[in-house]
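Read the structure below first, then the notes.
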Amino acid sequence: MDISVDPVVFYCSGCHKILGDTLSFIETNDILKSIVLSSVTNSVDISTTINTSNDTLDTGSTFVWLNCSNCQRLIGKKYHSTPDHLAYLSDNFSLNMFNGNVAWYQLGSQKPQSSIRQSFTEQDSDGADLSDLFKIKSVLLHYQQRLDNNDKGQLSLRQKLNEHDKRLDSFDKDQIDLQQDLDDRIQSIDSLQHKLKLLQRRLDHLESKIPK
Numbered sequence: 037m038d039i040s041v042d043p044v045v046f047y048c049s050g051c052h053k054i055l056g057d058t059l060s061f062i063e064t065n066d067i068l069k070s071i072v073l074s075s076v077t078n079s080v081d082i083s084t085t086i087n088t089s090n091d092t093l094d095t096g097s098t099f100v101w102l103n104c105s106n107c108q109r110l111i112g113k114k115y116h117s118t119p120d121h122l123a124y125l126s127d128n129f130s131l132n133m134f135n136g137n138v139a140w141y142q143l144g145s146q147k148p149q150s151s152i153r154q155s156f157t158e159q160d161s162d163g164a165d166l167s168d169l170f171k172i173k174s175v176l177l178h179y180q181q182r183l184d185n186n187d188k189g190q191l192s193l194r195q196k197l198n199e200h201d202k203r204l205d206s207f208d209k210d211q212i213d214l215q216q217d218l219d220d221r222i223q224s225i226d227s228l229q230h231k232l233k234l235l236q237r238r239l240d241h242l243e244s245k246i247p248k
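In this text, residue positions in the sequence shown follow our numbering: the first is 37, and each later residue adds one.
Below, the structure written as structure tokens:
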């Protein structure tokens, strides 16, 4: 069943420039408190300086910083290399949903949603209220489910088309076999007619020698 979920747009909380949306959504990372996208808008500046992380959450990873191109607020990272368990971050864009610089808006909703920084800073990390992040994740998962359903529908259509193609191929093969059988029969008839002509000539020759 198709689930109708409006896309989510992420924007800079300082200047309101659009940074990306869930059309390029890949994953959420609750530990890094980030939203991972496969692409971002031109409003995102990508640094050329490669850094190595010493943070226990992504130790050893190499990355470049992402900034809002308009107001230069720090909005996240683009990873170049990561540990195996964070492989999906490599070459994708991780928007930081904790530092207060990224806010989000669900198309069709009444008002923009604030960043989730406050819910993290009000409590310690073990008891932090992750409701906003989970709300975003829920929306994204529903959106992903809709895409998955569409993919399944496309797969089913492809399978039907493949079955149709197989039937056409089988029909074409049957036609070829029938044509070959017809050609063989015509060749046999031609051969028989040729033999009949030879017999007729022989009979004519024998009759010509019978005294009248």
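For each residue, glycine too, the CB sits at the ideal point set by N, CA and C.
All values derive from a computational prediction rather than experimental measurement.
Secondary structure of residue i, DSSP reduced to three states
i	result
residue 105	coil
residue 225	helix
residue 70	strand
residue 84	coil
residue 93	coil
residue 130	strand
residue 155	Below a pLDDT of 50, predicted positions are generally treated as unreliable, and residue 155, at 36, falls in that range; no measurement from the model is reported.
Selected residue, minimal CA-CA separation from residue i, among the options
i	options	result
residue 140	48, 217 and 238	48
residue 118	90, 131 and 134	90
residue 121	107, 68 and 133	68
residue 130	98, 231 and 142	98
residue 142	58, 51 and 73	58
residue 82	71, 201 and 114	114
residue 62	53, 125 and 46	125
residue 103	116, 93 and 84	84
residue 133	195, 66, 116 and 199	66
residue 52	94, 107, 93 and 101	107
residue 101	204, 238 and 116	116
Residue range of the beta strand (DSSP E) that includes residue i
i	result
residue 57	54–57
residue 64	61–65
residue 110	110–117
residue 138	138–142
residue 47	44–48
Contact belief for residue i with residue j at Cβ below 8 Å, rounded distance in angstroms
i	j	result
residue 79	residue 60	Residue 79 to residue 60, Cβ: 14 Å. No contact.
residue 137	residue 110	6 Å
residue 56	residue 72	At roughly 10 Å, the Cβ-Cβ gap does not stay under 8 Å, so residue 56 and residue 72 are not in contact.
residue 96	residue 70	With 8 Å as the limit, residue 96 and residue 70 do not qualify as a contact, their Cβ atoms being about 17 Å apart.
residue 45	residue 54	6 Å
residue 192	residue 128	Rounded, the Cβ-Cβ distance is 29 Å, inconsistent with contact.
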